[in-house]
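Q: Quick one: structure below, then a few questions.
Residue numbers (this note's numbering), protein chains in the order written: chain A, 1 to 262; chain B, 1001 to 1335.
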């Protein structure tokens, strides 16, 4: 009984704000200050309109692009660090960690100049690139420790069986790294999906805005459209929740069971 | 099939003693050669150098006379069986066996034929569609063996392949390995720390210690005429008796005598030395008796039925032709 109560308290703590947000999004706008509305409505969702749909699409493109770039670069680099005889591995890992320590705000203006020089300002690619650099260290560390956990003998067996190091990565190690790839993918996706600072600074064309920017700019000079902001937040949160639940099943251990004697 | 020659192989790691010091070794075509020694003696390093998984600091590896230094493992045409089996967990048995052939781009029909042939040879045909995690230890090691066989490589390398198996399975697979070697007549290089395994399997044994070669020869020679104290102690269970020569009435230096070459007598006899029984260990087929001989301890082999108890007085006589003599540095002296 006590446990059930404790569990409910924890659930309420975590889900409370979300439930509040959900209710706000369904509350009829004129009745927001009333304790109970006459009815619930999807009007706030309907009012989001085409601009917001465009923002959702942009966010999807940016987050998916960043995730793909991060995993491609991160997985191959992590494999090389974990299994190959490279000089300067530690420096590389340490450097990656150091980079992730930079406060984003300190990098905004130099990045802005660099992107403008590269002709990437106000493009979605101009978001994917800096996001990837910020998310890469995490991916690298996560995947490196995962690959280190896979037995070295597996790599040696693949080499003797005729693989080049790259083939060993593709044919043997990549198929085994699903759990780690899924975990990294979720983290990178969430980071790029939620990022506000860069997106707000680098993008000026309204049709290229991402969700966080769109929501931040909802508020007009005189009105705060709470219902719409809540509805937009719900729309932004649902894909993440779905993604996490989906991948949660993939994040299974025991994939390597039977490869080596435990 | 092929010969393997190692010429003055050296492998050093910065900040550590050399893993291998000028190792030279000729392995004949079709030979079963074991590399034996305690852990850290350089035997696995040697295997990696032959396979091309590592490159020597200096020296050469030749397969069939051609130097293979710098060639990737794929171009050396050697196969390896690992202690941990190292099966590919995401592939079924068929996939594991086919993988080395697929990497060599053999035609599909040929791959299927060879996989079936190998599976039949090792008795793993019923397991072909199982994943490694669904196999027992012995089955996994057979699949690992199959993955090496299927390629028909020039040289087979074994890195302690039986160490992870329990005793019963180990001796069964040991027999299978020996039969396999006879059937294939291929060159086998076999690394183990288990001296009994090396004795039973090998044509020749190479004993390594701290990166240098101690002795190479057929098992019998290694056992009966060890080059030094280290080799004498490493082979044989129970361990060889080592004691100062004067304890046996010899002038100087150290002597070694194996327990089975010490006669245990219940009555005084010519040339026999008196002692007191300290410990009797019955193993079933025989009894190992530890006897205090003055300040020294000797183990002697007795019959299983031997009726002595600790404290009993007995007489020991070393078979004269069987005494090994070592000089101060531990090297064997010529008799």
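Virtual Cβ for every residue (Gly too), placed ideally from N, Cα, C.
Between the stretch 205-213 of chain A and the stretch 144-151 of chain A, do at least 3 Cβ pairs fall closer than 8 angstroms?
A: Touching, no.
Q: In this structure, how does DSSP classify residue 1043 of chain B when only helix, strand and coil are distinguished?
A: Looking up residue 1043 of chain B in the second chain gives position 43. DSSP places residue 1043 of chain B in helix when its eight states are reduced to three.
Q: Spell out the partners DSSP gives residue 1308 of chain B in its beta bridges.
A: Taking the second chain and counting its residues from 1, one reaches residue 1308 of chain B at position 308. None; residue 1308 of chain B has no bridge partner.
Q: In the DSSP output, what is residue 1060 of chain B paired with across the bridge?
A: The count along the second chain starts at 1 and reaches residue 1060 of chain B at position 60. Note: residue 1060 of chain B sits in a beta bridge opposite B:1007.
Q: According to DSSP, is residue 70 of chain A part of a helix, a strand, or is it coil?
A: Here residue 70 of chain A corresponds to residue number 70 of the first chain, with the count starting at 1. Helix, per DSSP.
Q: Answer yes or no: do residue 232 of chain A and residue 219 of chain A have a C-beta to C-beta separation smaller than 8 angstroms?
A: Position 232 of the first chain, counting from 1, holds the residue named residue 232 of chain A. Position 219 of the first chain, counting from 1, holds the residue named residue 219 of chain A. It is not a contact, given that the beta carbons lie outside the stated cut-off.
Q: Rounded to whole angstroms, what is the Cα-Cα separation between residue 49 of chain A and residue 43 of chain A?
A: Reading the first chain from its first residue, position 49 is the one you call residue 49 of chain A. Reading the first chain from its first residue, position 43 is the one you call residue 43 of chain A. Distance between the alpha carbons of residue 49 of chain A and residue 43 of chain A is about 11 angstroms.
Q: Is any beta-carbon of chain B found at less than 8 angstroms from that of residue 176 of chain A?
A: Residue numbering aside, residue 176 of chain A sits at position 176 when the first chain is read from its first letter. Yes, because at least one Cβ of chain B sits closer than 8 angstroms to the Cβ of residue 176 of chain A.
Q: Taking the beta carbon of residue 166 of chain A as the centre, do at least 16 other beta carbons fall within 10 Å, making it buried, or is it exposed?
A: Counted from its first residue, the first chain places residue 166 of chain A at position 166. Per the 10 Å Cβ criterion, exposed.
Q: Can you tell which of B:1014, B:1051, B:1020, B:1012 has its C-alpha closest to the C-alpha of residue 1190 of chain B?
A: The residue given as residue 1190 of chain B occupies position 190 in the second chain. Here the closest residue by C-alpha is B:1051.
Q: Note down the Cα distance separating residue 1172 of chain B from residue 1004 of chain B, rounded to an integer number of angstroms.
A: Numbered from 1 along the second chain, position 172 holds the residue referred to as residue 1172 of chain B. Numbered from 1 along the second chain, position 4 holds the residue referred to as residue 1004 of chain B. Taking the straight line joining both Cα atoms gives about 28 angstroms.
Q: Please confirm if residue 1053 of chain B has its CB atom under 8 angstroms from at least one CB of chain A.
A: Here residue 1053 of chain B corresponds to residue number 53 of the second chain, with the count starting at 1. Answer yes: the Cβ-Cβ gap between residue 1053 of chain B and chain A drops below 8 angstroms somewhere.
Q: Within 8 angstroms of any Cβ in chain B, is that where the Cβ of residue 157 of chain A sits?
A: Position 157 of the first chain, counting from 1, holds the residue named residue 157 of chain A. Yes, contact with chain B.
Q: Measuring alpha carbon to alpha carbon, tell me which residue in A:32, A:73, A:61, A:37 is nearest residue 169 of chain A.
A: Within the first chain, residue 169 of chain A is the residue found at index 169, counting from 1. It is A:73.
Q: Roughly how many angstroms lie between the CA atoms of residue 1105 of chain B and residue 174 of chain A, to the nearest whole one?
A: Here residue 1105 of chain B is taken as the residue at index 105 of the second chain, counted from 1. Here residue 174 of chain A is taken as the residue at index 174 of the first chain, counted from 1. Cα to Cα, the separation comes out at about 21 angstroms.
Q: Using the Cα positions of residue 1303 of chain B and residue 1180 of chain B, report the straight-line distance between them to the nearest angstrom.
A: The count along the second chain starts at 1 and reaches residue 1303 of chain B at position 303. The count along the second chain starts at 1 and reaches residue 1180 of chain B at position 180. About 36 angstroms.
Q: What span of residues does the beta strand (DSSP E) with residue 1204 of chain B cover, start to end?
A: Translated into positions along the second chain, residue 1204 of chain B becomes position 204. Element bounds for residue 1204 of chain B: 1204-1209.
Q: Give the secondary structure of residue 1223 of chain B by DSSP, where H, G and I count as helix, E and B as strand, and everything else as coil.
A: Against the second chain, residue 1223 of chain B aligns to sequence position 223. Reduced to three states, the DSSP call for residue 1223 of chain B is helix.
Q: CA-CA distance, residue 1133 of chain B and residue 1089 of chain B?
A: Within the second chain, the letter at position 133 stands for residue 1133 of chain B. Within the second chain, the letter at position 89 stands for residue 1089 of chain B. Approximately 7 angstroms between the Cα atoms of the pair.
Q: Please report the straight-line C-alpha distance between residue 189 of chain A and residue 1128 of chain B, rounded to a whole angstrom.
A: Here residue 189 of chain A corresponds to residue number 189 of the first chain, with the count starting at 1. Here residue 1128 of chain B corresponds to residue number 128 of the second chain, with the count starting at 1. Taking the straight line joining both Cα atoms gives about 40 angstroms.
Q: 8 angstroms is my cut-off, CB to CB: does residue 1336 of chain B come that close to chain A?
A: Since the first residue of chain B shown is 1001 and the last is 1335, residue 1336 of chain B is not available in this structure.
Q: So what does DSSP say about residue 63 of chain A, is it helix, strand or coil?
A: Translated into the one-based positions of the first chain, residue 63 of chain A becomes position 63. In this structure, residue 63 of chain A counts as helix in the three-state DSSP scheme.
Q: Quick one, which of B:1241, B:1138, B:1259, B:1143 has its alpha-carbon nearest residue 1296 of chain B's?
A: Working through the second chain from its first residue, we reach residue 1296 of chain B at position 296. Selected option, being the one with the closest Cα: B:1241.
Q: Using a Cβ-Cβ cut-off of 8 angstroms, state whether residue 1086 of chain B counts as contacting chain A.
A: Within the second chain, numbered from 1, the residue matching residue 1086 of chain B stands at position 86. Answer yes: the Cβ-Cβ gap between residue 1086 of chain B and chain A drops below 8 angstroms somewhere.
Q: Under the rule that 16 or more other beta-carbon atoms within 10 Å means buried, what is residue 20 of chain A, buried or exposed?
A: As a first step, residue 20 of chain A is located in the first chain; it is residue number 20 there, counting from the start. With fewer than 16 other Cβ atoms within 10 Å, it is exposed.
Q: Cβ of residue 199 of chain A within 8 angstroms of Cβ of residue 127 of chain A?
A: What you label residue 199 of chain A is simply residue 199 of the first chain in a count that begins at 1. What you label residue 127 of chain A is simply residue 127 of the first chain in a count that begins at 1. Result yes, Cβ atoms of residue 199 of chain A and residue 127 of chain A sit closer than 8 angstroms.
Q: Rank A:187, A:90, A:96 by C-alpha distance to the C-alpha of residue 68 of chain A and give the top, closest one.
A: Taking the first residue of the first chain as 1, we reach residue 68 of chain A at position 68. Of A:187, A:90, A:96, the residue nearest in Cα terms is A:187.
Q: Quick check on residue 1166 of chain B: does DSSP put it in helix, strand or coil?
A: Within the second chain, numbered from 1, the residue matching residue 1166 of chain B stands at position 166. Note: residue 1166 of chain B maps to coil in three-state DSSP.
Q: How would you write the range of the beta strand (DSSP E) that residue 42 of chain A sits in, first residue to last?
A: Position 42 of the first chain holds residue 42 of chain A. Note, residue 42 of chain A: premise wrong, no beta strand (DSSP E); not H, not E.
Q: Taking only the alpha-carbon atoms, compute the straight-line gap between residue 162 of chain A and residue 9 of chain A and give it to the nearest angstrom.
A: Locating residue 162 of chain A in the first chain gives position 162, counting from the first residue. Locating residue 9 of chain A in the first chain gives position 9, counting from the first residue. The alpha-carbon atoms of residue 162 of chain A and residue 9 of chain A are separated by roughly 57 angstroms.
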